[in-house]
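Trainee:
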Amino acid sequence: MYIVKEGAVEVVFVQLGTGTVFGELSILNIPGNKNGNRRTANVRSVGYSDLYVLSKDDLWAALREYPDAKKSLMEKGMTRVMWNFSSHLSRG
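Following UniProt numbering, the numbering of the sequence shown begins with 1 at its first residue and continues without gaps.
1. Grouping DSSP H, G and I as helix and E and B as strand, with all else coil, what is leucine 63?
2. Assign leucine 54 to one of three DSSP states: helix, strand, or coil.
3. Going by the beta-carbon positions, is the gap between residue 102 and glutamate 6 smaller than 8 Å?
4. Between which two residues does the beta strand (DSSP E) holding serine 49 run?
5. Between glutamate 75 and glycine 23, what straight-line distance do the alpha-carbon atoms span, to the nearest angstrom?
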């Protein structure tokens with residue numbers, strides 16, 4: 001999982017900025033995530049970017065210590081999975 005510390009990154013057609021989290025869907029077991037642990041998008045830096053990187057083990061250790069953060073991350077992940085699913089349906 002990655003957190004943008006400084007700068008910006010692009011995910012397909014979306015630009016993410018400071019404080020944005022990405023990569024969590026490949027770590028969390030979100031119900032309905034048909035991609036399993038695979039990446040769901042490509043990300044590229046827009047100019048200089050500084051990122052925080054959390055390994056799967058480090059993320060799970062942190063989430064055990066902070067259950068509210070786990071709940072929030074799971075909710076965001078489920079929202080993203082549903083958005084990906086509805087986008088796929090609308091494209092036919």
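Even glycine gets a Cβ: it sits at the ideal position worked out from N, Cα and C.
Mentor: So, from the data block:
1. Collapsing the DSSP output to three states places leucine 63 in a helix.
2. Here leucine 54 carries a coil assignment [DSSP, helix/strand/coil].
3. Residue 102 is absent from the structure shown; the chain starts at 1 and stops at 92.
4. Counting along the chain, serine 49 falls outside any beta strand (DSSP E), and DSSP gives it neither H nor E.
5. Distance from the CA of glutamate 75 to the CA of glycine 23, rounded to the nearest whole angstrom, comes to 14 Å.
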